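S.K.: Below is the structure I would like to discuss, written out as structure tokens.
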Amino acid sequence: MTEKDVSLMMKQFHEKQPVLSDFAERLADLIHEVLAVRSLRVHSIVSRVKESTSLLGKISKGSGKYTDLEQITDLVGIRVITYYGDEVDVAANVLKEEFTIDHEKSVDKRGLLDSDRFGYLSLHYIIEMPEHRLRLTEYKKFRGIKAEIQIRSILQHTWAEIEHDLGYKSKQPIPSDMRRSFSRLAGVLEMADIEFGSIRDKLLQESMQMTVEAAPMKTMNVESLLKFVGTNAALKEMDLTIGRVVGTNVYFSDKYIAELMPLIRSAGMESLTEIEAALAGMRGVLHPFLERWYNKQQTENVSAGTALLFLCILHVVSEGTYDDLKHFLLEHRICRSHDINPVSKAIVQLYKELVLNH
């Protein structure tokens, strides 16, 4: 690449900087919104546009790799810092739903280190605005612009920042005794990430139990169930997710929701309070289950309350046995007898996979 080519790319970059800055700011706001809708509270979301000196260095070191500005995918960068390690994948799944991911250029750097190596790396996605957003007036000008999104927990971020600072201050290779110290620290931080998540889950479970025990039981009848399905934000969001996955609208059917009453009771829930507790207990599992399940299904209609049906099914899976699930599916005609074994197996297998990853 000639100096003239480099100069041209830098000129294009400077002309594009106002749009890139606007994109970075709007993208950060949008990510905050879509995570908030899923009730995922993160520590921080920071945006930046690549500095001119950094871009010039990248082009120069590329040895002709970059011949066009659009080939550089990190002109805009977003860093999402979660509170807990297990929320990195939760945030990543939300972003996969909301944006167009360049999987070829994205990388999960957490899996790049060998088990005997030290280091704490993050999940990197290269994304673009999806087509349905680009059709909106406020997003049209962002067509063709990509951004790099880094997702890491607070402790992963702490490690990365300190490691970067030490690497910056020391230009010499790290001695073996110091490498062992780094390895020990990496292990401590990894265990701390896991333990903080475990403490959070235990506190949440105890809080939910105390709430259920202290609060008056909310009676469940047809009228109260119709209102519950129509107003519960978590159920509405999951029903809309099913509709989006299968490509259809969600309709409200009093008859369908009323018919869920015996299923709910058969699953062991006698009140709206118990439904709320089950919803809270399935935090992080029910939503991805519905996405994965309906990604392989074809249906013309999705009724409000479909997510509640699957809550009942997964409640039976979590509280009962494999035979209990088969009996439940057959008794309520959710599944035909000749399909009962493969369907039950698929439900249990997907549920266990999501629980292990949660």
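Numbering of the sequence shown is given in my numbering, commencing with residue 893 and proceeding in unit increments.
Every residue, glycine too, gets a C-beta built ideally from N, C-alpha and C.
Just so you know, these numbers come straight off a predicted model, no measurement behind them.
Since Ile-1226 is in the alpha helix (DSSP H), which residue starts that stretch and which ends it?
M.R.: In the sequence shown, residue 1226 corresponds to position 334, counting from 1. Note, Ile-1226: premise wrong, no alpha helix (DSSP H); not H, not E.
S.K.: To which residues does DSSP link Ile-1043 through a beta bridge?
M.R.: Taking the sequence shown and counting its residues from 1, the one referred to as residue 1043 is at position 151. Beta-bridge analysis with DSSP links Ile-1043 to Val-972, Leu-1015.
S.K.: How big is the Cα-Cα spacing for Trp-1051 and Asp-897?
M.R.: Taking the first residue of the sequence shown as position 1, residue 1051 is located at position 159. Taking the first residue of the sequence shown as position 1, residue 897 is located at position 5. Distance between the alpha carbons of Trp-1051 and Asp-897: 38 Å.
S.K.: Compute the beta-carbon to beta-carbon distance between Ser-1073 and Gln-1042, rounded to the nearest angstrom, for a pair I have assumed lies under 8 Å.
M.R.: Within the sequence shown, the letter at position 181 stands for residue 1073. Within the sequence shown, the letter at position 150 stands for residue 1042. Going by Cβ atoms, the distance from Ser-1073 to Gln-1042 rounds to 26 Å, so no, they are not a contact pair.
S.K.: Tell me, to the nearest whole angstrom, how far the beta carbon of Val-980 is from that of Arg-1044; I am working on the premise that it is less than 8 Å.
M.R.: On the sequence shown, position 88 is the one that residue 980 refers to. On the sequence shown, position 152 is the one that residue 1044 refers to. At roughly 6 Å, the Cβ-Cβ gap stays under 8 Å, so Val-980 and Arg-1044 are in contact.
S.K.: At which residues does the alpha helix (DSSP H) containing Ile-1254 begin and terminate?
M.R.: Residue 1254 lies beyond the stretch modelled for the chain, which goes from 893 to 1250, so this question has no answer here.
S.K.: Roughly how many angstroms separate the alpha carbons of Glu-1223 and Ile-1167, rounded to a whole number?
M.R.: By one-based count along the sequence shown, residue 1223 stands at place 331. By one-based count along the sequence shown, residue 1167 stands at place 275. The straight-line gap from Cα to Cα measures roughly 20 Å.
S.K.: Given a cut-off of 8 Å, decide if Leu-1182 and Ala-1199 are closer than it, judged by their beta-carbon atoms.
M.R.: Position 307 of the sequence shown, counting from 1, holds the residue named residue 1199. Position 290 of the sequence shown, counting from 1, holds the residue named residue 1182. In contact: Ala-1199 and Leu-1182 (Cβ atoms closer than 8 Å).
S.K.: So what does DSSP say about Tyr-1031, is it helix, strand or coil?
M.R.: Walking along the sequence shown from the start, residue 1031 turns up at place 139. Correct three-state label for Tyr-1031: helix.
S.K.: Checking 8 Å against the spacing of the C-beta atoms, do Ile-1134 and Val-1209 come in under that value?
M.R.: Within the sequence shown, residue 1134 is the residue found at index 242, counting from 1. Within the sequence shown, residue 1209 is the residue found at index 317, counting from 1. In this structure, Val-1209 does not lie closer than 8 Å to Ile-1134 by Cβ.
S.K.: Tell me whether the beta-carbon of Leu-1117 lies closer than 8 Å to the beta-carbon of Met-1153.
M.R.: Residue numbering aside, residue 1117 sits at position 225 when the sequence shown is read from its first letter. Residue numbering aside, residue 1153 sits at position 261 when the sequence shown is read from its first letter. For Leu-1117 and Met-1153, yes; Cβs fall inside 8 Å.
S.K.: Check each candidate in Val-1121, Asp-966, Ser-913 and name the one with the smallest Cα separation from His-1016.
M.R.: As a first step, residue 1016 is located in the sequence shown; it is residue number 124 there, counting from the start. The shortest Cα separation from His-1016 among Val-1121, Asp-966, Ser-913 belongs to Asp-966.
S.K.: Pick out the complete alpha helix (DSSP H) segments inside the stretch 1128 to 1161, 4 residues or longer, and give them in chain order.
M.R.: If we require 4 residues or more, the alpha helix (DSSP H) runs fully inside the stretch 1128 to 1161 come out as 1146 to 1150, 1153 to 1158.
S.K.: Over what stretch of residues does the beta strand (DSSP E) that includes Val-938 continue unbroken?
M.R.: On the sequence shown, position 46 is the one that residue 938 refers to. Counting along the chain, the beta strand (DSSP E) containing Val-938 begins and ends at 936 to 941.
S.K.: For Leu-1201 versus Leu-1155, is the C-beta distance shorter than 8 Å?
M.R.: As a first step, residue 1201 is located in the sequence shown; it is residue number 309 there, counting from the start. As a first step, residue 1155 is located in the sequence shown; it is residue number 263 there, counting from the start. Contact flag set, yes.
S.K.: Where Ser-1163 and Thr-1111 are concerned, what is the direct C-alpha to C-alpha distance, given to the nearest angstrom?
M.R.: The count along the sequence shown starts at 1 and reaches residue 1163 at position 271. The count along the sequence shown starts at 1 and reaches residue 1111 at position 219. One C-alpha to the other measures close to 5 Å.
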